[in-house]
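Protein chains in written order, with this note's numbering: chain A, 282 to 696; chain B, 282 to 696. Ideal Cβ positions, reconstructed from N, Cα and C, are used throughout, including at glycine. Notes follow once the structure below has been shown.
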């Protein structure tokens, strides 16, 4: 084991999730306990915190309060969507990062985020290697989208999937309460990969879910869609459809853009927000079927509903953060921590920590395998259910105060 | 005690809630156990089930399965929005109801619903009294809107309030994760009374809630609204606003109608669904402030999110259903079961069953007291928090299967 003594920085970036703080906490707690890590700093708003020398000292936080990060949604250290240029084109940012690393003797850099964040992490890792500055760099994944390649699944997905499946089961009961007809369209996040929308299939598997599920992996045909909805509606006066925000027609145009086009013909205020996909499809279905139609957008809640998080996801997220520190202090660098799925001696699902080259995962995008999508393109197979079900197991142990969530309040003591 | 032997009907009507089935279950279970009640029938889709002779025999359900009604959202017996005409104008429906009551020797009628349902219940009660048919009629309230008069609060409100406060706390964390500016508008149900939207104040009370809360009880002034948002946004780059779907301008016009007017200028499909209040206000704020603005509609979830129900609400809902049967079999009729708030010997909140005349509650609408609204019209006082907080206490014990809700599946055996 190669010993490297020095300080550590952890930063978070990209869209928040219910469990990204569980990962950060796994990393921070483990780093604070490691004898080779001399200080643990949080970079506020991701890499911007490094660039702006805006760091906080994690050792100054009360340990019991810090532990609440485990069940607090969103990014407690703040996030950013800052993309580093290629160092070959412009190395200004990299020089600044190196300057900060030297200033604080940073020898460990942990970056907690999705596809773009792994790109940032990878670029910093390569720059440090090329410039002979010894620093162990590890990516800690999070993304509700579950679209990072190589790893079996991503921290964040299980909790979002659990919220989506649970909510759809509840909507199922609500949407069929009257004796009158009703069509319900539920819009779910996921621009290019359909993992989140596919989670609706877990509700259908329980017999309380949507009749039809549309993913961005399959070209969307409006005529076929309307005909299929009409058929189900005619048969039982109810139809529930789960649809990904990212569905596109055969020419690659987002269906949501048709809604925006419509909204743009409205004069006056900025229009982009008027034309969501769910209201657009609801309007199409209403016009074509004459039925009562309701459009629902699950919106932000699907990525921040910590009260409905998966305990498996929380624990795995923590393990990913811990794994990053354990491996980095053991001499490993330039990797992302992910999972391999195995089967325990009891025949049950086990997720083992597995390391992947940052180069291999940066900017990747994993889609749903074609063979997990039903031949009609509007549902998922049992293979998907078998894949996703273990990820949503267990209930969060989120502490409550007055029966409302008690989320972390960091002191954020500047370094 | 006056003994009356005969069968009972229970029906549910109006919009569903997370706990209306807890009330129905309290009623059904107690009725099945009562020696004077010879049979317990469920009317499918409320009063329509009586009119169409569409009844199910509750004794044919497996007791363990039936018990799952306690934690299943929506109306397990089905609902309706059927309004009975005045018997003086047209007594056709009443004669039919009497015919069915005689056919099955119905001597107990329990109706589980909101304002309109109490009107139905009241009319049936009066018709039976006037026509000398001995039948004990009891209303069992439910409404997320909390707008029934006389009772301290309504079953259904606590769970909806808990979901709204919890979700707003989560949105609070999500919406301030970036270093860039962000305005978030959250639209909450409640057409005339602001109780649901006011629940957002519980999140603010916890320091994780909206900056501004707009209720239908206060005339909405767009200029003052924009100015206030701008001020908060300028000060800290974030502003979260909770707004009732029912806000109106000083002339009584719904603000959401301005959105619909805008949407109506779009040609093509039916437009009503395009112009929600949240996207409309988001567009106004975006145009006026230049900030990034997101509109979120909590939609159906606020009334059906059983996974986030209040245990207090579940238990009180059950008690209301049980109280209806206990009082009816004890000889009381023509009442709605409600609650009076008292203080226990431990100084804590206690809700006691209290009966109210159906005539007095039918078609009433209770609004938020003016003195509970902040002088600026954009928030709630501590009195409101003290009122609402006890209602959301305790977590649901919703049974799970594969970590997803296990909701009731009734056999619905026709009589």
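Let me know if residue i comes out buried or exposed under the rule of 16 or more other beta-carbons within 10 Å of its beta-carbon.
| i | result |
| --- | --- |
| residue 616(A) | buried |
| residue 633(A) | exposed |
| residue 663(B) | exposed |
| residue 371(A) | exposed |
| residue 344(B) | exposed |
| residue 560(A) | buried |
| residue 296(A) | buried |
| residue 473(B) | exposed |
| residue 373(A) | exposed |
| residue 631(A) | exposed |
| residue 677(A) | buried |
| residue 401(A) | buried |
For a test of the three-state rule: what should DSSP assign to residue i, helix, strand or coil?
| i | result |
| --- | --- |
| residue 698(B) | The question about residue 698(B) has no answer, for chain B in this structure spans 282 to 696. |
| residue 589(A) | helix |
| residue 422(B) | strand |
| residue 292(B) | strand |
| residue 427(B) | coil |
| residue 415(B) | coil |
| residue 576(B) | strand |
| residue 566(A) | helix |
| residue 406(B) | helix |
| residue 665(B) | helix |
| residue 392(B) | strand |
| residue 555(B) | Unreliable positioning characterises residue 555(B) in this predicted model, as indicated by a pLDDT of 44, which lies under 50. The coordinate reading is nonetheless provided below. In the structure shown, residue 555(B) sits in a helix (DSSP, three-state: H, G or I). |
| residue 690(B) | coil |
| residue 695(A) | strand |
| residue 459(A) | strand |
| residue 285(A) | coil |
Write down the C-beta distance between residue i and residue j rounded to the nearest angstrom, noting that I regard them as a contact closer than 8 Å.
| i | j | result |
| --- | --- | --- |
| residue 524(A) | residue 574(A) | Going by Cβ atoms, the distance from residue 524(A) to residue 574(A) rounds to 13 Å, so no, they are not a contact pair. |
| residue 286(B) | residue 317(B) | 5 Å |
| residue 653(B) | residue 665(B) | 4 Å |
| residue 396(B) | residue 644(B) | 6 Å |
| residue 689(A) | residue 353(A) | 4 Å |
| residue 707(B) | residue 309(B) | The structure shown does not extend to residue 707(B), since chain B spans only 282 to 696, so no value can be given for it. |
| residue 300(A) | residue 659(A) | With a Cβ gap of about 30 Å, residue 300(A) and residue 659(A) do not count as contacting. |
| residue 421(B) | residue 392(B) | 7 Å |
| residue 324(B) | residue 378(B) | Actually they do not touch by this definition, with Cβ atoms about 10 Å apart. |
| residue 390(A) | residue 414(A) | That belief does not hold up - the Cβ atoms of residue 390(A) and residue 414(A) are roughly 10 Å apart, past 8 Å. |
| residue 419(A) | residue 302(A) | That pair is no contact at about 17 Å. |
| residue 288(B) | residue 388(B) | 7 Å |
| residue 618(A) | residue 605(A) | 5 Å |
| residue 500(B) | residue 542(B) | Their Cβ separation, rounded to whole angstroms, is 19 Å, which puts residue 500(B) and residue 542(B) out of contact at 8 Å. |
Measuring only between beta-carbons, confirm whether residue i sits less than 9 Å from chain E.
| i | result |
| --- | --- |
| residue 641(A) | Absent here is chain E; the protein component of the structure consists of chains A and B. |
Short-range partners of chain B found in the stretch 662 to 685 of chain A, where Cβ spacing is below 8 Å: 670, 673, 674, 675, 676, 681, 682, 683, 684, 685
Completely contained beta strand (DSSP E) runs for the stretch 308 to 369 of chain A, where each covers 3 or more residues: The stretch 308 to 369 of chain A contains these whole beta strand (DSSP E) runs: 318 to 324, 336 to 338.
Contacting positions in the stretch 315 to 341 of chain A - beta carbon closer than 7 Å to chain B: 326, 329
Contact residues within the stretch 584 to 618 of chain B, judged by C-beta distance below 9 Å to chain A: Of all residues in the stretch 584 to 618 of chain B, 584, 585, 586, 587, 588, 589, 591, 592, 593 have a Cβ within less than 9 Å of some Cβ in chain A.
Complete beta strand (DSSP E) runs within the stretch 580 to 661 of chain B (minimum length 3 residues, chain order): Counting only runs of 3 or more, we get 616 to 624, 630 to 638.
Cβ-based contacts, 8 Å cut-off: residues of the stretch 436 to 452 of chain B near chain A: 443, 446, 447, 448, 450, 451, 452
Minimum length 4: unbroken alpha helix (DSSP H) runs contained in the stretch 464 to 552 of chain B: Within the stretch 464 to 552 of chain B, the complete alpha helix (DSSP H) runs of at least 4 residues are 476 to 479, 481 to 486, 503 to 517, 536 to 545.
Contact list for the stretch 382 to 413 of chain A against chain B, Cβ threshold 7 Å: none
Residues from the stretch 339 to 361 of chain B in contact with chain A, defined by Cβ distance under 9 Å: 353, 354, 355, 356, 357, 359, 360, 361
Interface residues of the stretch 458 to 474 of chain B facing chain A [CB-CB below 7 Å]: 458, 459, 460
Interface residues of the stretch 479 to 512 of chain A facing chain B [CB-CB below 7 Å]: 483, 487, 489
Contact list for the stretch 570 to 585 of chain A against chain B, Cβ threshold 9 Å: 574, 575, 576, 577, 578, 579, 580, 581, 582, 584, 585
Interfacial residues, the stretch 284 to 314 of chain B to chain A, with Cβ spacing under 7 Å: 297
Interfacial residues, the stretch 512 to 538 of chain B to chain A, with Cβ spacing under 8 Å: none
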